[in-house]
Structure formats: structure tokens, C-alpha cells
Amino acid sequence: MSRVLVIGDIHGALKALKQILEKAKITREDTLIFLGDYIDGWSDSANLVSFLIQLKTTHNCIFIRGNHDELAYTWLTQKTYNPKWIQHGGQATMDSYAKLSEEDITIHLKFYENLINYYIDDHNRLFLHAGFTNLHGPHQEYFSKLFYWDRTLWETALAIDPNLKKTDLNYPKRLLLFDEIYIGHTPVTRINQTKPVNATCIWNIDTGAAFKGPLTIMDITTKEFWQSDPVYELYPDEKGRN
């Protein structure tokens, strides 16, 4: 049977991605939904994008835009960058792209341009990198950058009293719009977790691969998941975003 598998923030960890794709035994019938932040952190950033471009030729892949992807695209196209980007993994991306040909970089630019801000499937499940703020849903969001920068959606879900009923007037309207929401962006290692965390209708799949956590892929139907080794162990001579 075909599966829908969601993958958390990779941050250039190609070795970890190959591990989890093998552990999950992906097939060409599976749909792979990537939640963004493909680069910035580990040295395989550019190689990872090349791998994903090739993967899409053989598998059904959906690529969501992450904030780090947007930052890298800005640098690639405008040759300008936010100094904080360098400190948060951007240097590894710059170094990795220095090894690519202009032809390869042009192909990568198309990859970044074709990223989508969010995806809603036929079962009313939303996939996006970070969050949204409009009470009517992402299709009415005023500021598109919030799709890959917002943290309030996740913070709200974590703060909800489990005893609060959805029918309560105080229940956050954003959390009533979808049956399930899948995000990355805010590593669950911030709350001392290294496995996917479920809060209200939200599943956070960012298990800290950019830092000292593993990379995760999860079957959204069964909630079974597979993880790589802690990524820093796969790149022992690098700092990642630590």
C-alpha cells in the first residue's frame, strides 16, 4: 500500500536523510512530504538539494519552503545576506555551493523557486514549515513569510490546557480549522524531546537534526516513525548549528 510520509528539517544532513529513507523502506508508491529547511547547518547542504532534485524524478515528492531555504535563495540571487544567517548555518551552505558549477546552481534556483508555502491534502491535513496567524486559515494569510517564520501556532498548541474542550469559546480558532497540522521549524529538543511531539492537532517533526538530535520520517496514517543516528555523530568534525 502507498503511504504518506512526512520528513522534518534536514539542514544539510544528507547522510541522515539516506539513513531514514532506507529505514522506512520507501517505495515509488509512497508520497514524501518535506517540511522545509533543506540547507544551513551541515556540509552536505548543496549536495542534499541535488539529491532531492534527483529523488523527485523517481518518487512523488512535495517540497515545502522553510525560512532557511528562503535565506539561501536570497543570497544566491541577490548576493546579499543577513549576518545572523551566517551564524545559524549559512556559512556551511555558502561553502557547499562554492563547489557547484554555475549550471548546477541554476538548477538549484529552480528548486527553490518551486517550493510551496503550504499543502492541504484531501483529508483536511495541513503541511507547512512553521505556522500561520489568520483565524480563517493559511489561504487568507496577509504575510506569506509567516508560513516559514511563525512560532505562535506551535507555542499556542503547547500552552493549551488538555482539559479545555474544543467547544469552549476560548479555544484557539486556528486549531479548529484542520484535522491535523504537520510542522517543523521549532526543534522539539527545546522541550527536551527527540521524537515527534503531538500537541492538540499539531505534530512537530523537527527533532533537532541541525543540532544534536536525529532526523525523522513519519507515516502520518499509523504515526510510526523512523530516525537517523544523532546527526552530529554522522558529521563528527563539524559543528552544524551547535
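Throughout, this note's numbering is defined as the position within the sequence shown, counted from one, plus 26. All C-beta atoms in this analysis are idealised placements derived from N, C-alpha and C, irrespective of residue type, glycine included. Model, not experiment: these values are computed from the prediction.
* **Alpha-carbon spacing of Ile88 relative to Asn140, whole angstroms** => Locating residue 88 in the sequence shown gives position 62, where the first residue counts as 1. Locating residue 140 in the sequence shown gives position 114, where the first residue counts as 1. Approximately 10 Å between the Cα atoms of the pair.
* Taking buried to mean at least 16 other C-beta atoms within 10 Å of its own C-beta, is Lys185 buried or exposed? -> Here the question's residue 185 lines up with position 159 in the sequence shown. The amino acid occupying residue 185 in the given sequence is Ala; Lys does not appear at that position. Exposed is the call here.
* Where the alpha helix (DSSP H) containing Met120 begins and where it ends -> The sequence position of residue 120 within the sequence shown is 94, counting from 1. From DSSP, the alpha helix (DSSP H) with Met120 extends over Gln117 to Tyr123.
* Asked: Which residues mark the beginning and the end of the beta strand (DSSP E) in which Thr83 is found?
  -> Along the sequence shown, one-based indexing puts residue 83 at 57. That residue, Thr83, is in no beta strand (DSSP E); it is neither H nor E in DSSP.
* To do: Determine the closest residue to Ala225 out of Asn143, Ile209 and Pro240, with distance taken between C-alpha atoms.
  => Position 199 of the sequence shown, counting from 1, holds the residue named residue 225. When only C-alpha atoms are compared, the closest one is Ile209.
* Rank Thr220, Leu202 and Phe204 by C-alpha distance to the C-alpha of Tyr239 and give the top, closest one. => Indexing the sequence shown from 1 puts residue 239 at position 213. As written in the sequence, residue 239 is Gly, which differs from the Tyr given in the question. The option with the nearest alpha carbon to Gly239 is Thr220.
* **C-beta contact flag for Ala98 and Gly67 at 9 Å** => The residue given as residue 98 occupies position 72 in the sequence shown. The residue given as residue 67 occupies position 41 in the sequence shown. No, the pair does not count as a contact, with Cβ atoms beyond the cut-off.
* Would you say Thr182 and Pro213 are within 9 Å of each other, going by their C-beta atoms? -> Residue numbering aside, residue 182 sits at position 156 when the sequence shown is read from its first letter. Residue numbering aside, residue 213 sits at position 187 when the sequence shown is read from its first letter. In this structure, Pro213 does not lie closer than 9 Å to Thr182 by Cβ.
* Asked: Do the CB positions of Tyr258 and Lys41 come within less than 9 Å of each other?
  -> Within the sequence shown, residue 258 is the residue found at index 232, counting from 1. Within the sequence shown, residue 41 is the residue found at index 15, counting from 1. No, these two residues do not count as a Cβ contact at 9 Å.
* Asked: Going by alpha carbons, who is nearest to Leu74 out of Glu167, Glu128, Leu43 and Tyr107?
  -> Numbered from 1 along the sequence shown, position 48 holds the residue referred to as residue 74. Among Glu167, Glu128, Leu43 and Tyr107, the Cα nearest to that of Leu74 belongs to Leu43.
* Asked: What are the uninterrupted segments assigned as beta strand (DSSP E) that are 3 or more residues long and contained completely in the stretch 108-162, given in chain order?
  -> 144-146 and 151-154
* To do: Return the residue from the list His149, Glu96, Asn150 and Thr178 that minimises the CA-CA distance to Asn143.
  => Taking the first residue of the sequence shown as 1, we reach residue 143 at position 117. Closest by alpha carbon: Glu96.
* Asked: Roughly how many angstroms lie between the CA atoms of Asp263 and Ala235, to the nearest whole one?
  -> Locating residue 263 in the sequence shown gives position 237, counting from the first residue. Locating residue 235 in the sequence shown gives position 209, counting from the first residue. Spanning the two alpha carbons is a distance of roughly 15 Å.
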